[in-house]
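Number of protein chains: 2
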Amino acid sequence: MKLPSSEAELIAQIRGRITPAPGVVLGIGDDCAIVRPRGSAEDWLYTTDLLIEGTHFLRATHTAADVGWKALARGLSDIAAMGGTPRFCLLSLALGDWVDARWVDGFYRGLLRLAGRSGATLIGGDVARTAHVTCDIVVAGTVARGKALRRDRARAGDAIYVSGALGGSAHGFATESGKAWSRHKRPEPRLALGRFLREQVGATAAMDLSDGLSLDLRRMCLASRVRAEITAPPVFPGASLEQALHGGEDYELLFTVRAGTRVPPDFEGLALQQIGTMRKGKPGVVVLDGAPLPALGYDHLRSL
Amino acid sequence: MKLPSSEAELIAQIRGRITPAPGVVLGIGDDCAIVRPRGSAEDWLYTTDLLIEGTHFLRATHTAADVGWKALARGLSDIAAMGGTPRFCLLSLALGDWVDARWVDGFYRGLLRLAGRSGATLIGGDVARTAHVTCDIVVAGTVARGKALRRDRARAGDAIYVSGALGGSAHGFATESGKAWSRHKRPEPRLALGRFLREQVGATAAMDLSDGLSLDLRRMCLASRVRAEITAPPVFPGASLEQALHGGEDYELLFTVRAGTRVPPDFEGLALQQIGTMRKGKPGVVVLDGAPLPALGYDHLRSL
Chain A
1 MKLPSSEAEL IAQIRGRITP APGVVLGIGD DCAIVRPRGS AEDWLYTTDL
51 LIEGTHFLRA THTAADVGWK ALARGLSDIA AMGGTPRFCL LSLALGDWVD
101 ARWVDGFYRG LLRLAGRSGA TLIGGDVART AHVTCDIVVA GTVARGKALR
151 RDRARAGDAI YVSGALGGSA HGFATESGKA WSRHKRPEPR LALGRFLREQ
201 VGATAAMDLS DGLSLDLRRM CLASRVRAEI TAPPVFPGAS LEQALHGGED
251 YELLFTVRAG TRVPPDFEGL ALQQIGTMRK GKPGVVVLDG APLPALGYDH
301 LRSL
Chain B
1 MKLPSSEAEL IAQIRGRITP APGVVLGIGD DCAIVRPRGS AEDWLYTTDL
51 LIEGTHFLRA THTAADVGWK ALARGLSDIA AMGGTPRFCL LSLALGDWVD
101 ARWVDGFYRG LLRLAGRSGA TLIGGDVART AHVTCDIVVA GTVARGKALR
151 RDRARAGDAI YVSGALGGSA HGFATESGKA WSRHKRPEPR LALGRFLREQ
201 VGATAAMDLS DGLSLDLRRM CLASRVRAEI TAPPVFPGAS LEQALHGGED
251 YELLFTVRAG TRVPPDFEGL ALQQIGTMRK GKPGVVVLDG APLPALGYDH
301 LRSL
C-alpha cells in the first residue's frame, strides 16, 4: 500500500473515495468547504482547525487566553481567505491533565473575545480529557452565492500578491519577544481584507498563509494548474528571508488578480504587495528570482 | 473563582458569556445546535464529537476501521436524536506517533463506509500529529423548519421511552466478546428511528444515550424542568442493571411522548419500551422504583 507522505497525498487519496453530494459546491482541499443550503440566498463556508499543545502552542509560553484566541483565529483566517463573513463556531476541547479551572476560564475568555469581535458566536462543541490540550475549532461563514474566493481559480498572467509582511510568527516563536511574538500568539484573521478582495478588488484566487509561503503558494499553483514566478516577499521586521518564505502561521492572505487590475498599496494600513506572476508551465512549481523554491513550509505528515 | 466540577457547570458558565446571534435557534446545551440560514426552507443541525485514544477507544482492541466508524457514529447519533437527516461531515484528525499508513487507510475506510450509508458526505477537515490519536467529527444535518426534537420540551405527564436495550456497550467493553463487544465498537446511530419519532410518533423531547441513562435522563429533566419516575430499563443480554443504568455509549434514543400517544412496541425490529413518566417536582431528579437514582454516568470533568 502506498504511504501518504504529505497532507496533499492523503487528501488526494481520500478525495478519490468520496462521491460528490448534492448541495456541496466544493469539498475537501481548499481553506473551507462550500455548501449551498436548499433555498438559501447565500453559500455557507465550513472549516475545522486543530490547535495542539506541543505542536501549535506551548504550555510554558502561551497564556490560556492566547491559546483560546489562536484556536479561533486559525478558523477565522480560513473564512477570511474565501471572502466570507463568520456566522458561528463550535469548539471541541480536550483538556490536558495539568489544566485547572483558571486555565479553562482564560481559554474561553480569549476565544470569546475574538468570537464577539468577529461575529462567530459559539453555539456548541464537546469537551473531554487527554494528555495534551487539543482544540478543534469549527467555523461557519457565509458568502454571496457563487462568489467565494477559491485557491483553484488563478490563471496564467494573474499578478500574485500578499498582505502584510511575512515571517513574523516564525521569528516571534524563535525569539519570544516583541511584536513578532505577539503576532505568533495573537494572529489577526484578515476578515475585512478578504471581503474587500472579493467585493472591491475582484481577486481571482485567494488562500491564507498558514503553513508558509513556499508550501501554500505551491498548493495554490497545484490547485490552479499553473506555476508561479516570484521575487522576495515583504519580510516582517527582524525576521529572516527564510522565515518569510517558509515560516508558518502568519495568517496573511495570498491572492491573485487579473493582469492590469488596480490593487491599492494598502488596505486599512495593511500593505498589499505584488510578489510575482502566475505562468503557464508545470503545475505547482514556484520560482524565486529564477531558481526553483523548495516547498519547505509545515506539513504535518512529512514524517509519516 | 468557582471551579466547574461537571460538564453541565462548565456549559452553564460559558452560556452566560455568550450573546445570542441572529439565525441561531438553539445554542450550546443540546445534542446539536440549530441554525436557520437566511432563506432556507430547513433548519440546520450541527454537532461535534471527540473520540480520543485511551478515553473512547484503545489501540490494542479497536481496529482502525472501528475507530473511524465510531468517530462518525457519535456525531450521527446526535443528528438522530433531533430527528434530522445527515448532510455532510468534516473530520479533524490528530494522528498518534505510532500510527502508520495502513492504520490511516483503515480509519478512513471505516468512517467512509458509515458516511456513505448515512449520507454524511465528508467535505473537509484538518490533520495533525500528537501523542494520542484524537478525532473530532463535525456532522451537519437538516430538519423541517422548527421541528427538531429537543431535550427541553418534555412536560410533566409525558411518558418516557428508550429504544433497544441498554448496557451493551459497557458490558462489551468489559468482556471484549460477543454482540456486546460489537455494540461497543460499532454503534448504530438511530437515524431512521429519530425521523420516525419526529414525523410519525410526534415525540415531545429526545436525546441520545451517550453517557449513561442516569446522567442523560437527568440532563433531559434539568433542561425540561421536570423530574422523572422510572422502572428498570431493558437490559442488553449479558449486561448488568448497573451497566444499563450508568454505562455510556449505547447510542440508543431516550424520548418522551404526551400521555396517551400510541407508540408501537418496536420500530423496524428495534424495541421501544416505556420506562416511566415525567412528573412535576425538583428539576433533574430521577427516581427509580421509588428511590433517587444517582447520576453516575460518564462526565469528563468530574475530576477537574
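Quick mapping for you: the protein sequence lines, in order, are chains A and B.
All residue numbers in the first sequence are consecutive under UniProt numbering, ending with 304.
All residue numbers in the second sequence are consecutive under UniProt numbering, ending with 304.
Every residue gets a Cβ at the ideal spot worked out from N, C-alpha and C, and that includes glycine.
Q) Within the 8 angstroms Cβ cut-off, does A:Ala-94 reach chain B? A) Against chain B, the CB of A:Ala-94 has a partner CB under 8 angstroms away; the residue lies at that interface.
Q) Contact check, B:Thr-55 vs A:Thr-130 under 8 angstroms by CB: the rounded distance? A) Contact between B:Thr-55 and A:Thr-130 is confirmed by a C-beta separation of about 6 angstroms, below the 8 angstroms threshold.
Q | Whether A:Ala-228 touches A:Val-287 by CB criterion (8 angstroms) | A | In terms of Cβ geometry, A:Ala-228 and A:Val-287 form a close pair [threshold 8 angstroms].
(Q) Within 8 angstroms, do at least three Cβ pairs link the region 236-246 of chain A to the region 194-201 of chain A? (A) These segments do not touch.
Q: Report yes if the CB atom of A:Val-143 is closer than 8 angstroms to the CB atom of A:Asp-31, and no otherwise.
A: Not closer than 8 angstroms, so no.
Q) In chain order, what residues of the same chain lie with their CB nearer than 6 angstroms to the CB of A:Arg-49, ignoring the 5 residues before and after it? A) In the sequence as displayed, the identity of residue 49 of chain A is Asp instead of Arg. So the qualifying residues of the chain are Arg-74, Gly-75 and Ile-137.
Q: Return helix, strand or coil for B:Glu-242, following the three-state DSSP convention.
A: The three-state reading of DSSP puts B:Glu-242 in helix, counting H, G and I together.
Q | Delimiting residues of the alpha helix (DSSP H) encompassing residue 361 of chain A | A | The displayed coordinates of chain A run from 1 to 304. Any statement about residue 361 of chain A would go beyond what the structure contains.
Q) Expressed to the nearest angstrom, what Euclidean distance is found between the alpha-carbon atoms of A:Ile-79 and A:Thr-85? A) Those two C-alpha atoms are separated by around 7 angstroms.
Q: Could you pull out every residue in the same chain whose Cβ sits closer than 6 angstroms to the Cβ of B:Leu-3, ignoring the five residues on either side in sequence?
A: Only weak support exists for where B:Leu-3 lies, its pLDDT of 46 falling under 50; the value from the coordinates is given anyway. Beyond the five residues adjoining it in sequence on each side, B:Leu-3 comes within less than 6 angstroms, by CB distance, of no other residue in the same chain.
Q | Identity of the residue in A:Arg-87, A:Tyr-108, A:Asp-299 and A:Ser-214 nearest A:Leu-95 by Cα | A | For A:Leu-95, the closest alpha carbon among the candidates A:Arg-87, A:Tyr-108, A:Asp-299 and A:Ser-214 is that of A:Tyr-108.
Q. Rounded to a whole number of angstroms, what is the C-alpha to C-alpha distance between residue 321 of chain B and B:Gly-119?
A. Outside the shown range of chain B (1 to 304) lies residue 321 of chain B, about which nothing can therefore be said.
Q) Would residue 321 of chain A pass as a contact of A:Gly-238 if the rule is Cβ separation under 8 angstroms? A) Coverage of chain A is limited to positions 1 through 304, which leaves residue 321 of chain A absent and any answer about it impossible.
Q.
Please identify the residue among A:Pro-264, A:Glu-252, A:Val-162 and A:Leu-193 whose C-alpha is closest to the C-alpha of A:Ile-275.
A. The candidate whose alpha carbon is nearest that of A:Ile-275 is A:Val-162.
Q: Return the residues of the region 132-143 of chain B that lie within a Cβ-Cβ distance of less than 7 angstroms from chain A, sorted by chain order.
A: Those residues of the region 132-143 of chain B that come within reach of chain A (Cβ to Cβ, closer than 7 angstroms) are His-132, Thr-134, Asp-136 and Val-138.
Q: Spell out whether any CB of chain A is found under 8 angstroms from the CB atom of B:Pro-37.
A: Yes, B:Pro-37 lies at the interface with chain A (some Cβ there is under 8 angstroms from its Cβ).
Q. Would a check of beta-carbon distances place A:Leu-304 closer than 8 angstroms to chain B?
A. With a pLDDT of only 42 at A:Leu-304, under the threshold of 50, the placement of this residue in the model should not be trusted, and no figure is reported.
Q | A:Cys-89 - partner residues in DSSP beta bridges | A | Per DSSP, A:Leu-122 and A:Val-139.
Q: Mind checking which residues open and close the alpha helix (DSSP H) that includes A:Phe-57?
A: Where A:Phe-57 is concerned, there is no enclosing alpha helix (DSSP H), given that its DSSP letter is neither H nor E.
**Q.** Alpha-carbon to alpha-carbon, B:Val-133 and A:Met-1
**A.** In this prediction, A:Met-1 has a pLDDT of 38, which is less than 50 and means its spatial position is unreliable; nothing more can be read from the coordinates.
Q: Mind checking the region 117-129 of chain A against chain B and listing, in chain order, the residues whose C-beta falls within less than 7 angstroms of any C-beta there?
A: Across the region 117-129 of chain A, CB contacts with chain B closer than 7 angstroms involve Thr-121, Leu-122, Ile-123, Gly-124, Gly-125, Asp-126, Val-127, Ala-128 and Arg-129, in sequence order along the chain.
(Q) Check whether the region 109-128 of chain B and the region 7-27 of chain A touch, using three or more Cβ-Cβ pairs below 8 angstroms as the test. (A) The region 109-128 of chain B, when compared against the region 7-27 of chain A, does touch it at the 8 angstroms Cβ threshold.
Q | Alpha-carbon to alpha-carbon, B:Gly-141 and A:Cys-89 | A | Distance between the alpha carbons of A:Cys-89 and B:Gly-141: 16 angstroms.
Q. Which of helix, strand or coil does DSSP assign to A:Met-220?
A. In the structure shown, A:Met-220 sits in a helix (DSSP, three-state: H, G or I).
**Q.** Alpha carbon of B:Met-220 to alpha carbon of B:Leu-253, nearest angstrom
**A.** Answer to the nearest angstrom: the Cα atoms are 12 angstroms apart.
**Q.** Chain-ordered neighbours of B:Glu-7 on chain A, where CB pairs are closer than 7 angstroms
**A.** Val-127, listed in chain order.
Q | Contact list for B:Thr-47 against chain E, beta-carbon separation under 7 angstroms | A | Although the question refers to chain E, the structure presented lacks it and instead comprises the protein chains A and B.
Q) Is the distance from the Cβ of B:Asp-289 to the Cβ of B:Leu-166 below 8 angstroms? A) Not closer than 8 angstroms, so no.
Q.
So, at 6 angstroms on beta carbons, what are the nonlocal neighbours of B:Leu-215 in its own chain, with the 5 sequence-adjacent residues on each side left out?
A. Closer than 6 angstroms at the Cβ level, and outside the excluded window around B:Leu-215, lie Ala-295 and Gly-297.
Q: Quick one: using the 10 Å Cβ neighbour count with 16 as the cut-off for buried, is B:Ala-154 buried or exposed?
A: With at least 16 other beta carbons inside 10 angstroms of its own, B:Ala-154 counts as buried.
Q) How long is the line joining the alpha carbons of residue 306 of chain A and A:Thr-204, rounded to whole angstroms? A) Because chain A here runs from 1 to 304, residue 306 of chain A falls outside it and cannot be looked at.
Q | Coil, strand or helix - B:Glu-252 by DSSP | A | Residue state, collapsed to three classes: coil.
Q: State yes or no: is the C-beta of B:Arg-38 within less than 8 angstroms of the C-beta of B:Gly-27?
A: No. Outside cutoff.
Q) Counting contacts by CB-CB distance shorter than 8 angstroms, is A:Leu-50 in contact with chain B? A) Yes, contact with chain B.
(Q) Comparing C-alpha positions only, which one of B:His-246, B:Thr-47, B:Ala-128 and B:Arg-59 sits nearest to B:Val-139? (A) Comparing Cα-Cα distances from B:Val-139 to each of B:His-246, B:Thr-47, B:Ala-128 and B:Arg-59, the minimum goes to B:Thr-47.
Q: Identify, in the order they occur along the chain, each residue of the same chain with its Cβ nearer than 6 angstroms to the Cβ of B:Trp-69, setting aside the five sequence neighbours on each side.
A: Result list for B:Trp-69: Gly-110, Leu-114 and Arg-186, in chain order.
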